[in-house]
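Residue numbers (the working numbering), protein chains in the order written: chain A, 6 to 328; chain Z, 88 to 209.
Put into structure tokens, the structure is as follows:
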């Protein structure tokens, strides 16, 4: 017999019972389907306490590293503190400490948190305009390299949060954000694996963080970054990325535009098409995707069909909210 | 009885390898991939793994009612016996590629057959 603490309530768990059974008996049922550890419907997150190995079997490595487990497969032998998925998105205060234009539509915003939460490069936070209105922004900063959280915010004409950030935010303002969430980040488990990073527009933000995080961890395999936009003026951080490519032989940086003229330093075509034209053999690679939802969806499918394992494709499924 | 088949095929590690090959075949097949579009690919792959585990005689708690509930929206969109046969064929081809013995593949096919009427909501 041991105890499970779930959302602040304590549930007794009889020997041999799973977390799913204990919560259901205690009157806090969790959604489940196969009850065999396969369908991942009953995914929960442990914040304290040891997890039996079986509880995390078959989960993506980024989920495992953040304490996610399957309630139907978890027979706890010691007290366990757990929460539902997404509970780590609770609000925090942050101070705006820099606003830097990156191109015509995109600014970099740096946020200082008194208690900088632990995070991984590539995760995202939610920015709250009011308790009902928030938008997700990926982090472009890398822990250990950058002192603050950095966002790349593109202004949408009808964007209720993005135009507020662009027009009303001033240095020193206090703003409300969530803790970092998301499963799109680098783990140093396979340092020789080729990495393919595909970004469109401000989707460069998390990949810029991931690229520098991979280098910081001593990644040895080649890293191919393709950044695309309709026109050249939609691209940004070109000097920084060219600098990284010069300093690290493994880094290959390609600027892609879907309209306009081809030049020596500019590729014509969508990022996915250009990348697949360059690399016929992507089996065994790891891919990170961020940007236009159609690009992410197409890339996930085409890379998988081209032989990339699903577990090696990282992209957060947040969808740009309508204005 | 079927737990033995699951072990003979190679258990959970075999399912992990098979699902990657199987789901790729399904997604590449224009005759059936329409039923697998517009869903989260990760979740879809997890469901395919559940299906393969069941088809291999492995541990599962799916009931006929679960299978009906999970497929009724697809039956409304036209899912029929032809599609079911194509999916089973992709599964057999996958197992052949993995050099599973023909008699085990036949057993998997027979297990799939027991789910046909529930999946097609008849």
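Glycine included, every Cβ here is placed at the ideal spot set by N, Cα and C.
Cβ-Cβ separation, residue j to residue i (assumed contact under 8 Å), whole Å
{"i": "residue 337 (chain A)", "j": "residue 226 (chain A)", "result": "Examination of residue 337 (chain A) is not possible in this model, given that chain A is present from 6 through 328 alone."}
{"i": "residue 265 (chain A)", "j": "residue 232 (chain A)", "result": "Going by Cβ atoms, the distance from residue 265 (chain A) to residue 232 (chain A) rounds to 15 Å, so no, they are not a contact pair."}
{"i": "residue 145 (chain A)", "j": "residue 83 (chain A)", "result": "Actually they do not touch by this definition, with Cβ atoms about 39 Å apart."}
{"i": "residue 136 (chain Z)", "j": "residue 106 (chain Z)", "result": "5 Å"}
{"i": "residue 183 (chain A)", "j": "residue 130 (chain A)", "result": "5 Å"}
{"i": "residue 133 (chain A)", "j": "residue 212 (chain A)", "result": "No, residue 133 (chain A) and residue 212 (chain A) are not in contact; Cβ-Cβ is about 25 Å, not under 8 Å."}
{"i": "residue 113 (chain A)", "j": "residue 179 (chain A)", "result": "That pair is no contact at about 19 Å."}
Pick from the options that is closest to residue i, judged by C-alpha positions
{"i": "residue 177 (chain A)", "options": "A:100, A:167, A:220", "result": "A:100"}
{"i": "residue 291 (chain A)", "options": "A:308, A:261, A:300", "result": "A:308"}
{"i": "residue 220 (chain A)", "options": "A:271, A:137, A:196", "result": "A:196"}
{"i": "residue 319 (chain A)", "options": "A:27, A:119, A:310, A:127", "result": "A:127"}
{"i": "residue 207 (chain A)", "options": "A:119, A:169, A:111", "result": "A:111"}
{"i": "residue 103 (chain Z)", "options": "A:64, A:300, A:32", "result": "A:64"}
{"i": "residue 188 (chain A)", "options": "A:107, A:85, A:68, A:304", "result": "A:68"}
{"i": "residue 315 (chain A)", "options": "Z:97, Z:114, Z:95", "result": "Z:114"}
{"i": "residue 120 (chain A)", "options": "A:152, A:139, A:135", "result": "A:152"}
{"i": "residue 257 (chain A)", "options": "A:116, A:230, A:62", "result": "A:230"}
{"i": "residue 133 (chain Z)", "options": "A:17, A:53, A:43, A:273", "result": "A:43"}
{"i": "residue 6 (chain A)", "options": "A:286, A:21, A:278, A:303", "result": "A:21"}
{"i": "residue 142 (chain A)", "options": "A:214, A:223, A:76", "result": "A:214"}
{"i": "residue 271 (chain A)", "options": "A:239, A:116, A:223, A:311", "result": "A:239"}
{"i": "residue 346 (chain A)", "options": "A:275, A:171, A:306", "result": "With chain A represented from 6 up to 328, any question about residue 346 (chain A) goes unanswered, as that position is not in the structure."}
{"i": "residue 260 (chain A)", "options": "A:78, A:253, A:244", "result": "A:244"}
{"i": "residue 241 (chain A)", "options": "A:276, A:205, A:252, A:222", "result": "A:205"}
{"i": "residue 122 (chain Z)", "options": "Z:170, Z:152, Z:150", "result": "Z:170"}
{"i": "residue 192 (chain A)", "options": "A:224, A:203, A:118, A:24", "result": "A:224"}
{"i": "residue 52 (chain A)", "options": "A:88, A:66, A:283", "result": "A:88"}
{"i": "residue 40 (chain A)", "options": "A:12, A:74, A:18, A:32", "result": "A:74"}
{"i": "residue 287 (chain A)", "options": "A:157, A:305, A:296", "result": "A:305"}
{"i": "residue 278 (chain A)", "options": "A:300, A:269, A:296, A:295", "result": "A:300"}
{"i": "residue 50 (chain A)", "options": "A:282, A:71, A:125", "result": "A:71"}
{"i": "residue 80 (chain A)", "options": "A:61, A:284, A:66, A:96", "result": "A:61"}
C-beta neighbour in chain A for residue i, strict 8 Å
{"i": "residue 132 (chain Z)", "result": "yes"}
{"i": "residue 129 (chain Z)", "result": "yes"}
{"i": "residue 188 (chain Z)", "result": "no"}
{"i": "residue 100 (chain Z)", "result": "no"}
{"i": "residue 147 (chain Z)", "result": "yes"}
{"i": "residue 114 (chain Z)", "result": "yes"}
{"i": "residue 140 (chain Z)", "result": "yes"}
{"i": "residue 95 (chain Z)", "result": "no"}
{"i": "residue 163 (chain Z)", "result": "no"}
{"i": "residue 107 (chain Z)", "result": "yes"}
{"i": "residue 111 (chain Z)", "result": "yes"}
{"i": "residue 137 (chain Z)", "result": "yes"}
Residues that DSSP places opposite residue i in a beta bridge
{"i": "residue 12 (chain A)", "result": "Residue 12 (chain A) pairs with nothing; no bridge assigned."}
{"i": "residue 291 (chain A)", "result": "A:200"}
{"i": "residue 99 (chain A)", "result": "A:180"}
{"i": "residue 114 (chain A)", "result": "A:104, A:156"}
{"i": "residue 17 (chain A)", "result": "A:8"}
{"i": "residue 133 (chain A)", "result": "A:139, A:181"}
{"i": "residue 88 (chain A)", "result": "A:50"}
{"i": "residue 319 (chain A)", "result": "A:293"}
{"i": "residue 257 (chain A)", "result": "A:229"}
{"i": "residue 262 (chain A)", "result": "A:234, A:273"}
Contact with chain Z by residue i, beta-carbon distance below 8 Å
{"i": "residue 76 (chain A)", "result": "no"}
{"i": "residue 61 (chain A)", "result": "no"}
{"i": "residue 13 (chain A)", "result": "no"}
{"i": "residue 143 (chain A)", "result": "no"}
{"i": "residue 30 (chain A)", "result": "no"}
{"i": "residue 315 (chain A)", "result": "yes"}
{"i": "residue 17 (chain A)", "result": "no"}
{"i": "residue 310 (chain A)", "result": "yes"}
{"i": "residue 306 (chain A)", "result": "yes"}
{"i": "residue 50 (chain A)", "result": "no"}
{"i": "residue 39 (chain A)", "result": "yes"}
{"i": "residue 79 (chain A)", "result": "no"}
{"i": "residue 163 (chain A)", "result": "no"}
First and last residue of the uninterrupted beta strand (DSSP E) at residue i
{"i": "residue 50 (chain A)", "result": "48-53"}
{"i": "residue 234 (chain A)", "result": "228-234"}
{"i": "residue 156 (chain Z)", "result": "Residue 156 (chain Z) -> not in any beta strand (DSSP E); alpha helix (DSSP H) instead, spanning 151-163."}
{"i": "residue 4 (chain A)", "result": "Since the first residue of chain A shown is 6 and the last is 328, residue 4 (chain A) is not available in this structure."}
Opening and closing residue of the alpha helix (DSSP H) in which residue i lies
{"i": "residue 204 (chain Z)", "result": "203-206"}
{"i": "residue 168 (chain A)", "result": "167-173"}
{"i": "residue 199 (chain Z)", "result": "189-200"}
{"i": "residue 301 (chain A)", "result": "298-310"}
{"i": "residue 138 (chain Z)", "result": "128-142"}
{"i": "residue 186 (chain A)", "result": "No alpha helix (DSSP H) contains residue 186 (chain A), which DSSP labels as neither H nor E."}
{"i": "residue 99 (chain Z)", "result": "98-115"}
{"i": "residue 245 (chain A)", "result": "243-252"}
{"i": "residue 213 (chain A)", "result": "209-221"}
{"i": "residue 118 (chain Z)", "result": "Note, residue 118 (chain Z): premise wrong, no alpha helix (DSSP H); not H, not E."}
Contact test: residue i Cβ vs the ligand PLP heavy atom, cutoff 7 Å
{"i": "residue 129 (chain A)", "result": "The ligand PLP is not part of this structure, which contains no ligands at all."}
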